[in-house]
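Encoded as structure tokens, the structure appears first; notes follow it.
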Amino acid sequence: MISGLWNGYSGLTAFEKALNVESNNSTNVNTVGHKADTISFEDMMYQNGYGKGTGIDSVSKVMTQGNVKLTNNAYDVAIEGKGYFIVSERKTNETFYTRAGNFYMAEDGLLQTQNGMKVLGLTPQSNNVVTSNPAKTQFDESHTKNIVSKTISNENFLQTINARTTDYNTSAVDKGTSGAGFKTKSAQVADIEALIADYKSKLDLYSSNSTAVASPSASQITNVNLATSMSQLVNENDFIKITINNEEITQSFDTDIETTMKKFSDKISNIKGLSSSVNPTTGMLTINSLIPAKEVTIKDAQINENYLTITNTQNASLGTGLGLVNSSRDALKSALEFSNAELLDITSTLSLVGQESLTVNEIQLKLSNLNLSKNTSGKIEISEGVIFLKDGDNKFIIGKLQTAHFTNQQGLLPQGDNVYQTSAESGRAFYAGKLNKLVSSSLELSTANMGSTLTNLLVYQKAFEANSKSITTSDEMLKTAIELKK
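In the UniProt record's numbering, the protein residues as written are 1 to 486.
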């Protein structure tokens with residue numbers, strides 16, 4: 001009878017804890033990323049074959065995949081598969097892990113959890129800035145023309161290349177000295193737009209083979225020797241003629257030999273994508289292609305009926321990797337500066353090499369804090385864990401969410417606030433890699449199931465009542481035994 005009392009008491013204690021577990025599940029049925037708890041019972045000691053009650057074996061998390069719900073909130077990210085987001089406490093920098101991906105931007109621009117912990121991930125190691133004006137290293141209102149925004153990706157790195165210019169249509173004026181690269185305003189604008197198109201095409205080419213070793217492109221340089229026949233330029237019936245890309249350019253005699261050669265050079269300079277200069281003393285005409293790697297067909301140069309010698313001192317050649325992009329960009333920069341305009345080109349590179357080490361940083365979301373744009377806030381876009389910020393037509397890579405996994409998930413210690421901490425049982429964190437997929441604008445729902453929770457609550461309630469009954473029954477039997485003494 002005494003054993004009955006203690007057996008009943010052990011049952012009351014065990015099922016009270018079971019009720020606590022299931023009530024906790026029911027209260028967290030809408031908690032993002034929550035993993036339901038389950039309780040296991042064990043029988044206690046035996047004496048002469050008689051059991052001495054029950055106890056709690058363990059309370060553990062059910063680490064199953066929760067349903068993923070589309071939220072259309074750009075900051076939300078769900079983990080589909082194994083792994084945990086890596087977060088840290090702001091004051092202590094202590095690292096924790098969570099399945100809850102309902103993030104937002106804090107006042108200081110950092111990506112953080114709902115309880116104020118910093119979300120950690122990979123961030124760009126460098127921003128390569130190419131600018132016409134050293135005082136301007138981030139986009140502002142003066143950069144009115146968007147040139148390009150390109151995302152490059154391969155197994156080694158992620159990269160965004162963004163370029164803007166000031167208004168070259170307004171800043172360009174007729175410029176240069178006759179015979180030495182003179183350009184009209186309209187010719188300058190045509191050159192710039194041809195170079196912009198070339199820059200875009202080179203970026204597309206680079207994107208298709210971004211791992212190639214970088215080598216620069218070369219621009220064609222052609223010399224035409226006028227010296228052998230320039231003395232024949234003496235009257236209005238004399239002329240200089242040349243065919244460039246199947247277009248015939250002719251200059252009739254004007255005033256004197258030097259003036260005639262300079263005007264001829266100026267006509268060539270105002271062909272889109274070309275620049276020309278002439279040395280009146282040596283009679284050497286030099287034609288430069290402004291577009292790297294672009295071949296220019298130059299033939300049939302003559303003064304009157306005398307053909308002239310044409311020599312390519314440098315042939316056009318296409319570079320490889322980032323080198324061909326840089327060559328095109330630098331040519332565009334030079335053309336813009338000739339037109340009194342400015343280029344600002346920002347390349348952000350996020351290395352994926354060694355990401356398995358889980359070396360992570362806080363993720364800053366304010367463009368001004370990142371020295372990318374004077375526009376403080378950009379529109380966030382997360383794609384497969386990669387974080388971009390959009391500023392108008394420009395798109396910048398900001399970071400990449402990293403996820404960690406553990407040999408024994410059950411060994412993680414719940415800390416509240418939807419986070420877990422490692423323990424000796426869980427083992428150290430390691431890179432989750434392809435164990436999961438990060439789903440944008442979505443959240444993982446709680447694994448707590450109201451059906452099973454309510455069923456278990458009823459079972460535990462009845463078990464609690466039954467154990468209460470065993471105590472009262474044992475008590476009544478003890479009373480009967482005591483009354484026998486009377």
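Note that the Cβ used here is the ideal one computed from N, Cα and C, for glycine as well.
Judged by DSSP in its simplified three-state form, methionine 284 adopts strand. Comparing alpha carbon positions, the residue from Gln232, Gly323 and Val386 closest to proline 216 is Gly323. Annotation for glutamate 248: Lys241 place their beta carbon closer than 7 Å to its own, counting only its chain and skipping 5 residues before and after.
Counting only the Cα atoms, alanine 36 lies some 8 Å from asparagine 449.
If you look at glutamine 159, you'll find it isn't in any alpha helix (DSSP H); it sits in the beta strand (DSSP E) that goes 157-165. Here glutamine 410 carries a helix assignment [DSSP, helix/strand/coil].
Judged by their CB atoms, glycine 33 and glutamate 337 are not nearer to each other than the 8 Å cut-off. Rounded to whole angstroms, the Cβ separation of asparagine 156 and valine 386 is 14 Å, and the two are not in contact under 8 Å. In the three-state reduction of the DSSP assignment, aspartate 345 falls in the strand class, which pools E and B. Here the C-alpha atom of isoleucine 79 lies approximately 58 Å from the C-alpha atom of threonine 184. For serine 171, the enclosing alpha helix (DSSP H) covers residues 168-171. In terms of CA proximity to asparagine 369, Phe139 leads the group Phe139, Glu42, Asp417 and Met44. Scanning its chain for C-beta atoms nearer than 7 Å, with the 5 sequence neighbours on each side dropped, one finds no residue around serine 231. Membership of phenylalanine 264 in the alpha helix (DSSP H) is indicated by the continuous run 257-269. Taking aspartate 254 as the centre and dropping the five residues before and after it, the same chain places the C-beta of Thr260 and Lys263 closer than 7 Å to its C-beta, in chain order. Taking all protein chains shown into account, proline 134 has fewer than 16 neighbouring C-beta atoms within 10 Å of its C-beta and is therefore exposed. Of all C-beta pairs linking the region 375-383 to the region 69-85, three or more are shorter than 8 Å, placing the two stretches in contact. Note on asparagine 394: 16 or more other CB atoms within 10 angstroms of its CB, so buried under the neighbour-count rule.
Annotated three-state conformation of asparagine 225 is strand, per DSSP. Looking at the DSSP output, serine 334 sits in no beta bridge, so it has no partner there. Per DSSP, serine 186 is one residue of the alpha helix (DSSP H) stretching across 185-208. In this structure, alanine 100 sits away from asparagine 436, with a CB-CB distance that is not shorter than 8 Å.
The residue among Gly109, Gln220 and Asp238 with its C-alpha nearest the C-alpha of aspartate 256 is Asp238. For a cut-off of 8 Å, the C-beta gap from threonine 160 to phenylalanine 396 is around 5 Å, short enough to register as a contact. Contact between alanine 218 and alanine 293 holds: their C-beta atoms lie close to 7 Å from each other, under 8 Å.
Taking 8 Å as the upper bound for CB-CB distance, valine 119 and glutamine 112 are in contact here, some 6 Å apart. Setting aside the 5 residues that flank it on each side, serine 351 is surrounded in the same chain by Gln125 and Phe157, each with a C-beta closer than 6 Å to its C-beta; the list follows chain order.
Residues of the same chain with a CB within less than 7 Å of the CB of alanine 432, apart from the 5 flanking positions on each side, are Lys82, Gly83, Thr403, Ala404 and His405 in chain order.
Proximity to glycine 399 across Leu367, Arg428, Thr376 and Ala429 peaks at Leu367, based on C-alpha coordinates.
With a beta-carbon spacing of about 18 Å, glutamine 188 and alanine 163 fall beyond the 8 Å limit used to define contacts.
It is roughly 6 Å from the alpha-carbon of glycine 321 to the alpha-carbon of serine 210.
The three-state secondary structure of glycine 101, taken from DSSP, is coil. Counting of Cβ neighbours within 10 angstroms places valine 21 among the buried residues, the total reaching 16 or more. DSSP, read as helix, strand or coil, puts threonine 27 in helix. Between asparagine 30 and serine 446, the C-beta spacing is below 8 Å.
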